[in-house]
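To start, the structure under review is shown below, and the notes come after it.
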Amino acid sequence: MFLTISTTGDARRPATDLGFLLHKHPDKAQEFSTSTGRAQVFYPEATAERCTAALLLEVDPVALVRSRGQGRGAAPDATLARYVNDRPYAASSLLAVALGQVFRSALRGRCEARPGLAERSLPLTIEVPALPARGGPEEVRRLFEPLGWTVTAEPVPLDGRFPEWGDSRYVRLTLTGTETLATALRQLYVLLPVLDAAKHYWISEEEVDKLLRAGDGWLEPHPERRLIVNRYLARRVALTREALTRLELARLAEADDVEAEELDNAVPEAAESTDDEAARPEPLAVSRRAAILAAVRAAGASRVLDLGCGEGRLVGELLSDRAVTEVVAMDVSVRALRVAARRLRVNRMSERQRARLTLFQGSLMYTDARLAGYDAAVLSEVVEHVDPPRLPALAYAVFGAARPGTVVVTTPNAEYNVRWESLPAGRTRHADHRFEWTRAEFRRWAGEVAELHGYVVEFRPVGDEDPEVGPPTQLALFTRRAAEGRDETREETAA
Amino acid sequence: MTDETTELTVPDLSLVVLVGATGSGKSTFAARHFAPTQVVSSDTCRGLVADDENDQSATPDAFDLLHYIVGKRLAAGRLTVVDATNVQREPRRQLVRLAREHDVLPVAIVLDVEERVCAERNAARAERAHLPGHVLPRQRGELRRGLRGLAREGFRTVHVLRGASEVAAATVALTRRYNDLRHLTGPFDLIGDVHGCRAELETLLVDRLGYALERDAAGRPVGARHPAGRTAVFVGDLVDRGPDSPGVLRLVMGMVAAGTALCVPGNHENKLGRYLAGRKVRLTHGLAETVEQLDAEDGRDPEFRGRVREFVDALVSHYVLDGGRLVVSHAGLPEKYHGRTSGRVRSHALYGETTGETDEFGLPVRYPWAEDYRGRAAVVYGHTPVPKAAWLNNTLCLDTGCVFGGALTALRWPEREVVDTPAERVWYEPVRPLAGPVGVPGGASARPLDLGDVVGRRVVETRHAGRLSVREENAAAALEVMSRFAVDPRLLLHLPPTMAPCATSSEEGYLEHPAEAFAAYRAAGVREVVCEEKHMGSRAVALVCRDAETARKRFDAPDGVRGVVHTRTGRPFFDDTELGNRLLRRLAESVAGAGLWDELATDWLLLDMELMPWSLKAGGLLRTQYAAVGAAAGAVFPGALDALAAAAARGVPVDGLLARQRERAADAAAFTTAYGRYCWPTGGGLDGVRAAPFQLLAGEGRSLAATLPQDEQLALIDRMVAAERDVAHRDPVLTPTRRLFVDTGDDASVAAGTDWWLALTAEGGEGMVVKPRAALPLGPDGRPAQPGVKCRGREYLRIVYGPDYTRPEHLARLRERSLGHKRSLALREYALGLEALDRLAAGEPLWRVHEAVFAVLALESEPVDPRL
């Protein structure tokens, strides 16, 4: 982990004043022990004309891992992602912490040796050769340019031997501009972790105060203020979640050489953060829930299954309907259930309200005796998350085994995708969609399922119907047929 | 009063309720005739809840406890004796209800002892000396009044002992329940619903099962005997609908009387019995035909009708046979009813269970008990005509609708062989076509397996490592991955176990070294080991079928699916199904070319292998994880080294720092070299794809993993590799696995093994796996030994432990790794993987295979150092 800060000067205002500002002598190499590793400060050049200070942080990768070791048999319990990682090289939040500690006085704008120097704007060049930036060079510019920096941000290729792999998430950053050193350092202190936005290694209760202090004077007018604040503070949530809920799935992902996010994607990240922040009204989802509720009400259902309840938005609306006496919210994702429980404030529900709701993990890839005997089941935006070869199993579990009187199924209408301006052609609306059906495809599937399992099915549009490509969402309403054919053995028993 | 000994018979599974006033000697009686643990005493329970056996205020709690204990014992099928006064009706009523809840017979033994004797005994006991005077007379009065009503209260056996001397002289004899024929071991021929089809029954017995018929003077069959002494077992419904119910009865009654057959009643016998007893029944469902035939019989054999009535009345509703391995009843029986005796057990045996709901016609809804059945005993039954007899959860329905023109079916036991004889004609028009079979979970009907068989905390019984438990949170993670990402369980028959590395080496510069692997096996008494080259790609399991038809027939695969290639968590290996199919075809050709279909007598093979390159499957991870680290290092070091060099040139003392950064830069470069070796472009098809099978896991009827030693395994795989090349594919996919056999007891051989590993890893290989040559290696304690340990190369380990793990200060700390949990996990997963294969080979139901496979996946989510 490495960055350099350079300034220029002349005989009257020598560049080596940088040493006073940083409280580090230009002719020495100084080592500091910081909370994240050994920091070295040295000056590759130090003349009156030009002076460069370099900060090199060596983190101990073994210690980084060991300090987190909580596993059984004294083995560190974590995922491999923590062991082979970019922390020793990339200018991440660890470097920001070291920066804050090594240049504490400079950051605060104190310089007793040269009073007045700290307030002076200097011509500065800051180089960060490996800056992790998930948002790419574009985002780097969006964050630094409004602060008056001239930004050069070149993407670093992943591996020259495999050009097809493209660029890495690192950029080689050069900032040039005129600024007080204190402000420049405080901007780096905040923006390095904001750009990294990925994995963090410490939690602190005082992050808000730190942000306010470090952002004093430049954060308030920044056009990306909202992004900066959210990212800077969001990491605490992210870390907590990572530590508490993802490990079982992360281990399975690791056993299979895939990233944890590839398996643990049942709930969008946004749902995890704050309840109300993410609750931006989404017109289609609102009308979808309204259509589902209308169908459930019309069926006169009082005991309802929400199969694949996700974050539990529909559950909340079902519960607020007095005609509904019992809601079973099921999802295969434990994470989804936790989010749903939190969103629905299950812990704070009255006893009576709580008694109407059951949340449990389950799967439509298996039959489940707990699901039998209900009036209605809702599968809202569920089928498209199932691999097509396994759909017959889902159909059997719902229509053949659970056999509720009414089943409501909604799924995207693939034809409508051409109307989404932001959706590239041929792409699905969600990365986990295994398919998206046209109206004809959905009708064929629903018709076959109804025929096989003794239901009648009708179809309804959800959302504004386009004359050409139909509605954005399609809904199928299945109603169980009165049983036909008499089982001879039953007659025997009755006789 | 009499001095004669009275023998009291008590069924060996019953609830014995002692009835008698205080001081009548119940506890003494119980202690003399029953084991202490069989007796549950209200006094003891009072003591347990109140520290005082005579604290009457504790009575309600004491009886709650007593009922709880009794319930637990009865649920477990244990004879239980209740030692309480039980002179009042209410406590007895509660006990009768408890007995019925657990389907055991309630038995009353009344100790009607003279009041004087009771009073004397109470006086002799300090704690009862102050018993109020009115208590005894009241208790005796209640007892006397209740005596006559005991049978009506539900006690199936009532023994009354009058007077102290009779009590003293009585003995207790345990009798076997009628349904308990566990001591009969057959072999048996179980025969489905005959329904008056005498001709088909004769054909089945003689031609298909090898019985010899015995005929009376008129030439009618009156018995049958198997030369090898086999016993026929009829599952009921001998009569009604068909052409000759009296003829069938005559034959079966003769066989039962001669001891060559057993018979349980069907609902049709039950109804016939009621008709013969003069009760009013509707002559429907073919009873009219039987009545007509019996009327005709009266002229020839007037006694026959009476003999039928006796026969039907004496039938026992179900039998437990062959050491408890086989249960026979007409309409099937859930496990909790096996060997039990109650009205509802009989009702289930005759009619099956109903849910208590009625359908829209007002008819009771049948409960599909067999779908829930998870018992170890096979249940063989009839009652519901099905097109073909098929095992479902270890239950088998033998009613294949002979009278409706189907077939008469029999099961040979213990051979488990199904034989049948077709109906000669349609004897009775079915009201509607035979119902299709109940969809077998995981069968062709798309009926999935049941959640109850996988979720929650589970214990899986394994042949090789006993009971292995799965924790709830691990099962929950496995459920998510299995449901959202895995292939169809019908094709997911094995997941590869994890493997432990060899013990940590103290060799300078090395974390892992083969010397440790050889030493460990030598210490475990395993001399013959094979070192197998470890391919670095992605693990894959392939189910290779001879063709799609085999896949459909054997695994109920959907149309056109000829097998599957999946990853170590059960996900499809290829996003592109066609690419997977091309690999499967190539594998099938190689198996055919090597002649293995015939040699192993199978139409399918399950293969464990490594698919390369690593970048084929792990491309995403390589880019975001490994290449990213390399990119960051590559970007940071040139500038940092230049800056340090410039500082050094100015005379700043940074030499040590510079040298260290140069080493780190070199380590980072070595890291990118290390992962780069396992990456190469593939052309989208099979171009550039390499498959290295290293184990044949199973074929039809055989777990090859458990029976074929490693050297033979590899020899067969070599033939597959050669066969593919013989077909002259321009770009062969199959890759051989290099190996070296080592004798762990021979130093020269061990040294050769070490050299081999050094050469292998020097040329960029991942390393090797050391496995015992034997198929099922056992350690000196007789428990399974590690089935293999991996020795990974020094350079390869950079990918695992980080670019600069070889720096002495890092290596020293990394050596403090703990292998215990990983080893235990490897052994448990290995045992579960083998268990899945054994169950598959034994033809067990899919849920049993899936249970073991699922458990492997669940264990993979246990916390363990992922670098091991």
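Residue numbers (my numbering), protein chains in the order written: chain V, 0 to 494; chain U, 1036 to 1903.
Think of the CB as a built atom: it goes at the ideal place given N, C-alpha and C, for glycine as much as any other residue.
- In this structure Glu258 (chain V) is buried. Its beta-carbon is surrounded by 16 or more other beta-carbon atoms within 10 angstroms.
- Among the residues facing chain V, Ala1558 (chain U) is not included, as its CB has no counterpart in that chain under 8 Å away.
- Just so you know, the alpha carbons of Arg1233 (chain U) and Leu1219 (chain U) end up roughly 27 Å apart.
- If you check the CB distance, Val331 (chain V) and Glu1515 (chain U) come in under 8 Å.
- Taking 8 Å as the threshold, the shortest C-beta distance from Val314 (chain V) to chain U does not fall below it.
- Apart from the 5 residues on each side of it in sequence, Glu1864 (chain U) sits with its Cβ closer than 6 Å to the Cβ of Pro1532, Thr1533, Val1891 and Leu1894 in its chain, given in chain order.
- Using a Cβ-Cβ cut-off of 8 Å, Asp26 (chain V) counts as an interface residue toward chain U, since at least one Cβ of chain U sits closer than that to its own.
- When DSSP reads this structure, Ala1424 (chain U) sits in no beta bridge, so it has no partner.
- Closest option to Ser1377 (chain U), judged by alpha-carbon separation, among U:Asp1761, U:Val1052, U:Arg1212 and U:Ala1208: U:Arg1212.
- Nearest neighbour of Val40 (chain V) by Cα position, chosen from U:Val1579, U:Leu1130, U:Val1777 and U:Pro1688, turns out to be U:Pro1688.
- Against chain V, a Cβ distance below 7 Å from Val1884 (chain U) picks out nothing, because the smallest value is about 15 Å.
- Residue-level contact by beta carbon fails for Pro1532 (chain U) and chain V, as no gap is shorter than 8 Å.
- With the criterion set as a beta carbon lying under 7 Å from some beta carbon of chain U, the members of the segment 349-365 of chain V are Gln360, Gly361, Ser362, Met364 and Tyr365, in sequence order.
- Residues of the segment 1498-1520 of chain U with a Cβ closer than 9 Å to any Cβ of chain V, in chain order: Glu1508, Asn1509, Ala1511, Ala1512, Ala1513, Leu1514, Glu1515, Val1516, Met1517, Ser1518, Arg1519 and Phe1520.
- Along the segment 391-419 of chain V, going in chain order, the ones with a CB nearer than 9 Å to a CB of chain U are Pro391, Ala392, Leu393, Ala394, Tyr395, Ala396, Gly399 and Ala400.
- Considering only U:Gly1106, U:Asp1118 and U:Leu1881, the residue with the shortest C-alpha distance to His1068 (chain U) is U:Asp1118.
- Those residues of the segment 1653-1677 of chain U placed with their C-beta closer than 9 Å to a C-beta in chain V are Ala1653, Gly1654, Gly1655, Leu1656, Leu1657, Arg1658, Thr1659, Gln1660, Tyr1661, Ala1662, Ala1663, Val1664, Gly1665, Ala1666, Ala1667, Ala1668, Gly1669, Ala1670, Val1671, Phe1672, Pro1673, Gly1674, Ala1675 and Asp1677, ordered along the chain.
- By the CB criterion at 8 Å, Ala1861 (chain U) and Ala1559 (chain U) fall outside the cutoff.
- When Cβ pairs closer than 8 Å are counted between the two stretches, the segment 1801-1821 of chain U is seen not to touch the segment 1676-1686 of chain U, the count staying below three.
- Around the beta carbon of Lys1371 (chain U), a 10 Å sphere encloses fewer than 16 other beta carbons of the protein chains shown; the residue is thus reported as exposed.
- With at least 16 other beta carbons inside 10 angstroms of its own, Gln1730 (chain U) counts as buried.
- Among the residues of chain V, those whose CB is under 7 Å from the CB of Cys1714 (chain U) are Phe161, following chain order.
- Taking the CA atoms as reference points, Ala1425 (chain U) sits about 6 Å from Leu1431 (chain U).
- For Asp1523 (chain U), the neighbours in chain V by C-beta distance under 8 Å run, in chain order, Pro388, Arg389 and Ala392.
- Put simply, the CB of Pro1593 (chain U) is near chain V, with a gap under 8 Å to one of its CB atoms.
- Close partners of Glu258 (chain V) in chain U (Cβ separation under 9 Å): Gly1655, Leu1656, Thr1659 and Gln1660.
- Fewer than three pairs of CB atoms, one per stretch, sit closer than 8 Å, so the segment 1072-1091 of chain U makes no contact with the segment 1128-1136 of chain U.
- When the five nearest sequence neighbours on each side are left out, the beta carbons in the same chain lying within less than 6 Å of the beta carbon of Thr1210 (chain U) are those of Thr1044 and Pro1046, in order along the chain.
- In this structure, V:Leu146 is the residue among V:Glu350, V:Asp208, V:Gly159 and V:Leu146 with its C-alpha nearest to the C-alpha of Pro222 (chain V).
- Taking C-beta atoms as the reference points, Val327 (chain V) and Ser301 (chain V) fail to come closer than 8 Å.
- Residue range Arg1725 to Gly1734 is occupied by the beta strand (DSSP E) that includes Ala1726 (chain U).
- Here Ala1521 (chain U) is buried: its Cβ has 16 or more other Cβ atoms, across all protein chains shown, within 10 Å.
- Judged by DSSP in its simplified three-state form, Thr175 (chain V) adopts strand.
- In the structure shown, the three-state DSSP call for Arg1360 (chain U) is coil.
- Per DSSP, Ala1741 (chain U) has no beta bridge partner at all.
- Under the Cβ distance rule, Met0 (chain V) counts among the residues neighbouring chain U, one pair being separated by less than 8 Å.
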